[in-house]
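Numbering (the UniProt record's numbering), first residue to last: 1 to 628. Beneath this line is the structure, given in structure tokens, with notes to follow.
Take a look at the structure:
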């Protein structure tokens with residue numbers, strides 16, 4: 001009896017194993033067949049044609065669907081199919097004109113932000129995008145790799161879900177081991193999705209394919225995307241390869257204390273990152289903006305406007321209705337710019353500085369404008385001999401969590417999350433250091449309280465990354481901007497996203513470096529004063545051009561060598577030394593002129609700064625007498 005039972009169990013196990021092997025064979029066969037059909041299909045991979053039923057959103061808040069006789073199966077508006085996937089979309093019942101639910105166009109059906117106060121912020125922010133049913137995700141993934149349904153939906157499951165601040169990424173795995181990533185934006189539901197979002201998602205998907213096609217940068221292969229809500233999963237999405245590797249963040253911040261081995265690993269990782277991102281140097285454009293592809297042709301990209309959402313910043317961060325402001329998402333749009341001056345001026349104009357002191361606010365904006373008059377903000381040139389400006393790709397969130405690598409070799413396996421990818425002036429483009437190395441130039445840097453790396457550590461890593469990128473680029477091109485890129489990108493990010501708080505932080509830090517012993521607030525107040533701002537402006541413009549110049553050259557100096565030291569670590573050391581001198585000075589101001597002399601400032605600037613200091617002291621003394 002026992003022997004018979006064992007025989008049955010053995011037979012059952014053999015049957016299950018045979019069935020499993022059969023499913024694996026069918027899965028591999030289906031993938032091979034799909035890829036084989038893609039290769040011999042009518043669409044040429046080089047053209048990477050996009051189905052004709054995807055039209056750019058018009059001003060009515062709708063996405064227009066145009067039928068194509070040769071692709072009658074692709075009737076769903078806004079659904080893109082890569083020729084590498086040979087996909088079929090089966091939404092035949094949809095109308096030709098498919099609204100993607102712009103709030104303005106669907107007021108009667110969409111809840112206002114003031115309604116549903118009982119709902120949690122998370123549910124209103126994410127909608128259904130953070131909890132899409134696995135059956136819908138599996139169905140979508142099967143259409144990519146098993147368009148003919150040979151597997152019958154078997155051997156496909158959602159293996160994990162990863163959520164950031166703006167997107168949810170679902171990893172769908174097949175029994176043969178292949179993985180797909182389905183990226184869904186947090187705004188991809190009825191109360192938040194707008195036509196600007198649809199345009200941005202489309203630009204992101206096509207730009208990724210353009211980069212993958214024209215460089216060796218490890219960008220995920222995009223198989224399919226949708227910019228509308230009425231599709232397989234009820235939300236906009238991008239379907240792409242799930243890149244192998246671990247987050248570089250895990251390598252950079254290991255468990256336990258930082259050791260010499262940790263530092264060596266970080267240096268090797270930075271070298272690998274620089275070698276990978278250097279591939280973007282071959283892509284150049286005649287304007288700054290977001291890429292568009294006329295007639296869906298990847299061979300001829302054009303540059304369109306930048307569409308962004310202004311998030312709460314400055315004093316708004318402390319308002320009670322902060323989350324409501326975040327949900328409202330004020331739209332900001334910038335036209336394509338053919339010069340760096342146009343780009344930066346259009347980004348700076350919309351901001352109004354949050355300050356109770358009008359002179360302070362005026363001085364901050366004036367100081368930022370003066371910085372933009374300096375090199376390298378003034379023109380976007382590949383070389384000084386160029387007459388025409390050109391622009392390059394920028395990854396807006398170029399940070400460790402978006403870089404994947406092999407944990408053993410530290411070779412980069414993927415660069416992901418290309419939200420809002422666009423072309424920008426060269427000094428703030430791909431040659432900039434990763435965001436983790438810009439920490440001291442971002443708002444709220446407070447080492448060692450809330451920041452991990454000290455300034456001298458950041459300097460060491462930045463110097464190493466700069467050398468590695470220079471080697472990868474043959475010492476030519478935009479690598480000249482890398483060493484000071486944390487300064488350039490600070491102003492660009494401040495104007496683009498951080499608002500007045502970021503602009504003021506940038507201005508204050510520049511002033512602290514070029515005038516170590518003076519109050520940045522006092523200087524900006526004087527700069528904003530129409531009557532007294534002239535001398536202060538002259539002093540600032542004596543020093544700021546050399547500070548911002550990539551090689552520390554002073555355009556006002558006719559000699560071959562500038563009196564400004566190009567080594568930022570020395571500059572920061574001077575800053576620390578000057579603070580020490582101030583603390584040792586007497587109440588009458590003794591010792592204040594010493595740091596300026598050591599920094600190379602001439603006597604006229606020292607005298608002007610001392611005058612400002614004396615005015616500050618007398619004003620403070622008068623104030624104290626008044627209140628006492």
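Beta carbons are placed, not taken as given, at the ideal position from N, Cα and C, and that holds for glycine.
DSSP beta-bridge partners of residue i
| i | result |
| --- | --- |
| residue 422 | 394 |
| residue 285 | 391 |
| residue 252 | According to DSSP, residue 252 bridges with nothing at all. |
| residue 163 | 168 |
| residue 247 | 404 |
| residue 180 | 172, 241 |
| residue 126 | Per DSSP, none; premise fails for residue 126. |
| residue 259 | Answer by DSSP bridge pairing: none, since residue 259 is not bridged. |
| residue 631 | Any property of residue 631 remains undetermined from this structure, which presents the chain solely from 1 to 628. |
| residue 302 | 292 |
Nearest-angstrom Cα separation, counted from residue j out to residue i
| i | j | result |
| --- | --- | --- |
| residue 534 | residue 543 | 15 Å |
| residue 193 | residue 185 | 9 Å |
| residue 416 | residue 429 | 16 Å |
| residue 269 | residue 276 | 11 Å |
| residue 464 | residue 474 | 15 Å |
| residue 406 | residue 479 | 25 Å |
| residue 296 | residue 207 | 11 Å |
| residue 343 | residue 494 | 14 Å |
| residue 335 | residue 150 | 48 Å |
| residue 434 | residue 395 | 10 Å |
| residue 263 | residue 253 | 10 Å |
| residue 455 | residue 402 | 23 Å |
| residue 219 | residue 358 | 47 Å |
| residue 204 | residue 168 | 16 Å |
| residue 385 | residue 483 | 22 Å |
| residue 129 | residue 177 | 26 Å |
| residue 281 | residue 431 | 8 Å |
| residue 247 | residue 461 | 19 Å |
| residue 251 | residue 261 | 12 Å |
Best match in the options for proximity to residue i [C-alpha to C-alpha]
| i | options | result |
| --- | --- | --- |
| residue 427 | 250, 399, 548 | 548 |
| residue 368 | 335, 502, 381 | 502 |
| residue 284 | 250, 380, 226, 346 | 380 |
| residue 154 | 162, 143, 161 | 143 |
| residue 366 | 345, 233, 385, 383 | 345 |
| residue 497 | 211, 208, 168, 307 | 307 |
| residue 441 | 489, 404, 134, 482 | 489 |
| residue 136 | 158, 125, 145, 146 | 158 |
| residue 170 | 149, 243, 189, 266 | 243 |
| residue 164 | 125, 553, 515 | 125 |
| residue 541 | 511, 551, 456, 529 | 511 |
| residue 399 | 436, 252, 507 | 436 |
| residue 538 | 523, 476, 550, 198 | 523 |
| residue 413 | 404, 235, 421, 388 | 404 |
| residue 450 | 460, 458, 546, 439 | 439 |
| residue 392 | 211, 191, 131, 408 | 211 |
| residue 160 | 174, 221, 147 | 174 |
Backbone secondary structure at residue i - three-state DSSP
| i | result |
| --- | --- |
| residue 46 | With a pLDDT of only 32 at residue 46, under 50, the local geometry of the prediction cannot be trusted, and the value read off the model is given with reservation. Residue state, collapsed to three classes: coil. |
| residue 446 | coil |
| residue 438 | coil |
| residue 335 | coil |
| residue 174 | strand |
| residue 293 | strand |
| residue 241 | strand |
| residue 308 | strand |
| residue 456 | helix |
| residue 231 | coil |
| residue 265 | helix |
| residue 414 | strand |
| residue 136 | helix |
| residue 147 | coil |
| residue 478 | helix |
| residue 489 | helix |
| residue 158 | strand |
| residue 207 | helix |
| residue 35 | In this prediction, residue 35 has a pLDDT of 48, which is less than 50 and means its spatial position is unreliable; what the coordinates show is noted afterwards. Helix. |
| residue 330 | strand |
| residue 399 | coil |
| residue 375 | coil |
Quiz item: Pairing CB atoms from the region 236 to 246 with CB atoms from the region 172 to 184, are three or more of them under 8 Å?
Solution: yes
Quiz item: Would you say the region 327 to 344 touches the region 279 to 294, given that touching needs at least three Cβ pairs under 8 Å?
Solution: yes
Quiz item: How about the region 255 to 275 and the region 453 to 469: do they share at least three Cβ pairs that are nearer than 8 Å?
Solution: yes
Quiz item: Three or more beta-carbon pairs under 8 Å between the region 451 to 465 and the region 256 to 270, yes or no?
Solution: yes
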